[in-house]
Amino acid sequence: MIKQLTIMLCLLVFFAINASSSNTLQQVPGTGIFMQTPQGFTASKRFAGFEQVDSMSSLMVMPLKDVSLDEIGQQMFSKEQLKKQKMTMLGREDLLFNGRMVGLVFLQQETAAGVVEKIVRLIEGDNELVVLNGIYLPSNKDQVYQPLRHAILSAEWRDVPAPTGFEMVDFTFDVAPGWEIREPGQLGRMVMLSPVDAPKHSTPMDWPLVIVAPSLDDRTVHNLRASSIEMLNNVKGYEFDSIQSEQSREIDGLKSYFIKSTGTDIETSEPLECWQLLLRGQNNKGYYRILALGSDLNSDAGELFEILKSTFTLK
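In mature numbering (1 follows the signal peptide of the UniProt record, and there is no 0), the protein residues as written are -19 to -1, 1 to 296.
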């Protein structure tokens, strides 16, 4: 379960932008979290939360269903888990904020892109646990630390209906038989799909996983392709070496790139396949990434992938 949590949190970093800052609490779309917008940040178009592109900083809001604060907290911050994720705990802080006790955890992590620091807060709702993850480069700490910290402290959970289907995104597609949208809206501005029989907290090694999300609007496809392995190596628990194959094609007149990679489960040394389709948006508006992870994607996800490619449209 922790591996699946970490996978989703790390993937989110690469699927990352319009809101104004104010003293009032605003709902983070797709979540039950209400909070202030960090000063200098804008709402992400790719994940639930906020981002400051120039400083490569983000505040991600990740709701998790059917888990408890004690369960995740003890596992997430255990010495074994921190070591596995190449993290160092810099400290903890418990404080009273607006009449509520709030706990913050400060971490440093080694990633393929370099060292980052994090401010993490866990908020427990009635039926979900929400992870708030503020991420920034140490070199930009003076610029973004206080806005991130204040926004994270301001956050509170409220009971609101979860979005369904494609309410949170600007695209639609058909779903293959045997697959379902898994807890739509939970990942913010993207859609996650898994087989109907897959347990809620399964890993891609056991059950294939497909994520459809916009990529950064201001990135060129060259940069997206070049960062493919870098992105995959931030999926903790797996190690990817190189691109196995790459094809370019046109789909309904739109340029696309299909990239295949092979990785390894660090714990079991078993192989893991990764397919990525970078599809140009209509009117040349950004790229959309369809990402599949699994042990045998040809058998498990081939039909779904073909249906996604042929039916994917923007609203």
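C-beta atoms are modelled at their ideal positions from N, C-alpha and C, and glycine is treated no differently. The structure presented is a predicted model; accordingly, all values stated were derived computationally and were not measured.
Tell me whether residue 298 sits in a helix, a strand or coil according to DSSP, three-state version.
Because the chain here runs from -19 to 296, residue 298 falls outside it and cannot be looked at.
Under DSSP, the alpha helix (DSSP H) around Gly54 begins and ends at which residues?
50 to 57
Consult DSSP for Phe22 and reduce its assignment to one of helix, strand or coil.
coil
Give the straight-line distance between the Cα atoms of Asp187 and Gly275, rounded to the nearest whole angstrom.
7 Å
Taking only the alpha-carbon atoms, compute the straight-line gap between Ser3 and Thr18 and give it to the nearest angstrom.
Annotation note: pLDDT 41 at Ser3 (below 50); position unreliable, coordinate value reported separately. Each residue's alpha carbon lies about 7 Å from the other.
Inter-residue Cα distance where the pair is Ala(-4) and Val177
Below a pLDDT of 50, predicted positions are generally treated as unreliable, and Ala(-4), at 41, falls in that range; the measurement from the model is reported next regardless. Cα-Cα distance, rounded: 27 Å.
Leaving aside the five residues before and after Gly95 along the sequence, list all residues of the same chain whose C-beta is less than 8 Å from its C-beta, in chain order.
Leu118
For Thr69, the residue or residues it bridges with in DSSP:
Gln89
Look at the alpha carbon of Glu109 and the alpha carbon of Val9, and state the distance between them as a whole number of angstroms.
15 Å
What's the C-alpha gap between Phe221 and Leu253?
9 Å
Taking contact to mean at least 3 C-beta pairs separated by less than 8 Å, is the segment 40 to 60 in contact with the segment 149 to 162?
no
Rounded to the nearest angstrom, what separates Ser242 and Thr184 at their Cα positions?
18 Å
Distance between beta carbons of Val172 and Leu285, contact taken as under 8 Å:
So it is not a contact: roughly 12 Å between Cβ atoms.
Excluding the 5 residues preceding and the 5 following Gln225 in the sequence, name in chain order all residues of the same chain whose CB lies nearer than 6 Å to its CB.
Lys241, Ser242, Thr243
Alpha carbon to alpha carbon, what distance is there between Ser38 and Asn114?
11 Å
Taking Met68 and Gln55 to be in contact with their CB atoms under 8 Å, please state how far apart those CB atoms are, rounded to whole angstroms.
About 15 Å; that fails the 8 Å criterion.
Would you kindly work out how many angstroms separate the C-alpha atoms of Ser229 and Trp256, rounded to a whole number?
13 Å
I'd like to check one pair, Leu6 with Phe22: are the Cβ atoms closer than 8 Å?
no
So Ser38 is in the beta strand (DSSP E); what residue range does that whole segment cover?
38 to 46
Can you grab the Cα-Cα spacing for the pair Ile247 / Ala179, in whole Å?
22 Å
Report all residues from its chain with a CB closer than 6 Å to the CB of Val(-7); omit the five preceding and five following residues, and keep chain order.
Low confidence applies here, because Val(-7) scores a pLDDT of 45, under 50, leaving its location unreliable and the question unanswered by this model.
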